[in-house]
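**Student:** Heads up: take any position in the sequence shown, counting from 1, add 308, and you land on the numbering used here. Each residue gets a CB set at the ideal place from its N, CA and C atoms; glycine is no exception. Below you'll find the structure I mean.
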Amino acid sequence: MDFISRTQEILDKHSNNAVIPVLQDVQNEFGYVPEEAVAHISSVTNINKSRLYGILTFYSQFYLKPRGKNIVKVCCGTACHVKGAEKNLTKLKELLKIKEGETTADGEFTLERIACMGACGLAPVVTVNQEVHGNVTSDKIDKIIKK
Ligand code: FES
Numbered sequence: 309m310d311f312i313s314r315t316q317e318i319l320d321k322h323s324n325n326a327v328i329p330v331l332q333d334v335q336n337e338f339g340y341v342p343e344e345a346v347a348h349i350s351s352v353t354n355i356n357k358s359r360l361y362g363i364l365t366f367y368s369q370f371y372l373k374p375r376g377k378n379i380v381k382v383c384c385g386t387a388c389h390v391k392g393a394e395k396n397l398t399k400l401k402e403l404l405k406i407k408e409g410e411t412t413a414d415g416e417f418t419l420e421r422i423a424c425m426g427a428c429g430l431a432p433v434v435t436v437n438q439e440v441h442g443n444v445t446s447d448k449i450d451k452i453i454k455k
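Dropping the structure here:
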């Protein structure tokens with residue numbers, strides 16, 4: 309995919325060059341904000357690259373690396389923590405052979421730790437994409453990932 313020409317099309321759409329909507333559209337287009345896109349936005353808008361990276365790292369909505377087809381999130385809020393979230397996270401790290409925030413080499417899974425997602429009654433909670441799994445135990449994790 310040609311990051312630069314697509315990024316230019318996005319910049320053209322935002323005539324005022326408001327940078328956050330541009331970055332959001334770039335991420336929607338590529339699934340993350342590639343380095344090439346940041347460099348191009350910087351050269352067109354005259355906004356320093358370090359300032360753009362400052363924005364990208366400040367907002368948790370932005371990703372600087374490609375993410376997997378399946379996003380696995382482990383809730384580590386208080387209720388989930390008390391009911392074994394860390395154990396589930398450890399099990400997922402072992403099973404997927406990645407750390408938090410990483411993506412498997414085959415691009416299938418990205419593993420993330422999240423704060424309370426508002427389903428404390430189901431603690432501990434693990435989500436895979438839009439699917440919410442409650443009362444997750446180590447045994448359930450194998451089934452969830454296989455599915
Ligand atoms: S703490 Fe996990 S859903 Fe609230």
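State the DSSP-derived secondary structure class of HIS441, mapped to helix, strand or coil.
**Tutor:** Residue state, collapsed to three classes: strand.
**Student:** When you compare the CB positions of VAL382 and LEU400, do they come within less than 8 Å of one another, or not?
**Tutor:** Cβ atoms of VAL382 and LEU400: closer than 8 Å.
**Student:** Rounded to whole angstroms, what is the Cα-Cα separation between ASP310 and HIS348?
**Tutor:** Near 12 Å, if we compare the C-alpha coordinates of HIS348 and ASP310.
**Student:** If I measure Cβ to Cβ from LYS373 and keep anything under 8 Å in the same chain, skipping five residues before and after, which residues do I get?
**Tutor:** So the list reads TYR340 and THR411, once near-sequence residues are dropped.
**Student:** Can you pull the DSSP bridge partners for GLU395?
**Tutor:** First, the residue type needs correcting, since residue 395 is Lys and not Glu in the sequence shown. Its beta-bridge partners do not exist; DSSP assigns none.
**Student:** What separation, rounded to the nearest whole angstrom, lies between the Cα atoms of GLU420 and ASP447?
**Tutor:** Between GLU420 and ASP447, the C-alpha separation is close to 19 Å.
**Student:** On a CA-only basis, which of GLU408, CYS388 and PHE370 is nearest VAL380? Give me that one, please.
**Tutor:** The shortest C-alpha separation from VAL380 is found at GLU408.
**Student:** Have a look at the DSSP bridge pairing and note the partners of VAL434.
**Tutor:** According to DSSP, which records beta bridges pairwise, VAL434 is partnered with VAL382 and HIS441.
**Student:** Compute every distance between the C-beta of GLY392 and the non-hydrogen atoms of the ligand FES, then say whether any falls below 7 Å.
**Tutor:** GLY392: no, Cβ never under 7 Å from the ligand FES.
**Student:** Is the number of C-beta pairs between the region 390 to 406 and the region 352 to 359 that are closer than 8 Å three or more?
**Tutor:** Flag = no, the region 390 to 406 and the region 352 to 359 do not touch.
**Student:** Excluding the 5 residues preceding and the 5 following ILE312 in the sequence, name in chain order all residues of the same chain whose CB lies nearer than 8 Å to its CB.
**Tutor:** Taken in chain order, the residues that qualify are GLU344, ALA345 and HIS348.
**Student:** Determine the DSSP secondary structure at LEU372, reduced to helix, strand or coil.
**Tutor:** Correct three-state label for LEU372: coil.
**Student:** Taking just the CA atoms, how far does GLY362 sit from VAL436?
**Tutor:** One C-alpha to the other measures close to 29 Å.
**Student:** Is THR445 near the ligand FES - that is, is its Cβ less than 7 Å away from at least one heavy atom of it?
**Tutor:** Flag unset: Cβ of THR445 not near the ligand FES.
**Student:** Taking GLU343 as part of the alpha helix (DSSP H), name the residues at either end of that continuous run.
**Tutor:** Element bounds for GLU343: 343 to 353.
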